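Protein sequence lines correspond, in order, to chains A and B. At position 102 of the first sequence (counting the first as 1) the number is 353 in the numbering used here, and the numbers step up by one without a gap. At position 82 of the second sequence (counting the first as 1) the number is 83 in the numbering used here, and the numbers step up by one without a gap. These notes are about the structure you will find just below.
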Amino acid sequence: GQQVMQIPQYQHVQEGEDFTTYCNSSTTLSNIQWYKQRPGGHPVFLIQLVKSGEVKKQKRLTFQFGEAKKNSSLHITATQTTDVGTYFCAGRGEYGNKLVFGAGTILRVKS
Amino acid sequence: ETGVTQTPRHLVMGMTNKKSLKCEQHLGHNAMYWYKQSAKKPLELMFVYSLEERVENNSVPSRFSPECPNSSHLFLHLHTLQPEDSALYLCASSQDSAGGYYEQYFGPGTRLTVT
């Protein structure tokens, strides 16, 4: 079945450094979503990408969907302590009928 | 905050108890989901309901029994659980009939501890 893999599993950065998490699917995706879960909280939707090669920005966050629609990335510029949490990607297969979540990347920021 | 509420927020139960988790969404969505989130594991999809009909059951043990009486409410009935069932149980809803095209809105979760 469809699998969505995320790397790295965990990253610890100094405040002000950049951070990137990558999401790879075993099958072509029709869309990909990103969520953020703060420590002790629940996943909160950030954004959805649909088009091949699509790039979207939210302030310091940049989201990219690969040309082949099998991978995606989330890049945070100049991390802040408010960025800590777990970032999940979730994709729907081209011929699938449900959203499959990756395992998430845990981000810790040292101030 | 997100329009999806869950009760109770914390639950401690023995292995012989019977309890129920409740989820309510105030967003007018058509699909509702139960997820299990254990430490250091990915989100595990347990059940999906679309328009009050169960459309997904991911090989979940029968000691977990879902119920969806209407499109706004979802229950998870628990009985004779095992310690390894201790986890955060998240409810979510989405606009579409569970097709994966729309974002999911999560509730705050129920932290379950089985003793």
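Quick reminder that beta carbons are idealized off the backbone N, C-alpha and C, glycines included. All of these numbers come straight from a predicted model, not from anything done at the bench.
message: Can you pull the chain B neighbours of residue 319(A), defined as C-beta to C-beta under 9 Å?
response: Correct list: empty, because the minimum Cβ distance to chain B is about 19 Å.
message: Please return the same chain residues whose Cβ sits closer than 8 Å to the Cβ of residue 282(A), not counting the five positions on each side in sequence.
response: 299, 300, 301, 342, 343
- request: In angstroms with no decimal places, state the Cα-to-Cα distance between residue 66(B) and residue 77(B).
  value: Roughly 6 Å separates the two Cα atoms.
Test item: CB-CB of residue 94(B) and residue 11(B) under 8 Å: no
query: Which runs of the beta strand (DSSP E), 3 residues or longer, sit entirely within the stretch 284 to 329 of chain A?
result: 295 to 300, 306 to 309, 312 to 316, 322 to 327
message: Do residue 289(A) and residue 336(A) count as a contact pair if the criterion is CB distance below 8 Å?
response: yes
query: residue 303(A) and residue 315(A): beta carbons closer than 8 Å?
result: no
- request: Note the first and the last residue of the continuous beta strand (DSSP E) segment covering residue 89(B).
  value: 88 to 95
- prompt: Of the choices 253(A), 273(A), 252(A), 319(A), whose alpha-carbon is the least far from that of residue 262(A)?
  reply: With distances taken between Cα atoms, residue 262(A) lies closest to 273(A).
- prompt: My guess is that residue 332(A) and residue 360(A) are in contact by the Cβ rule of under 8 Å, so how many angstroms apart are they, rounded?
  reply: Their Cβ separation, rounded to whole angstroms, is 5 Å, which keeps residue 332(A) and residue 360(A) in contact under 8 Å.
- prompt: For residue 349(A), does the count of other Cβ atoms within 10 angstroms reach 16, so buried, or fall short, so exposed?
  reply: buried
message: What does DSSP give as the partner residue(s) for residue 71(B) in the beta ladder?
response: 74(B).
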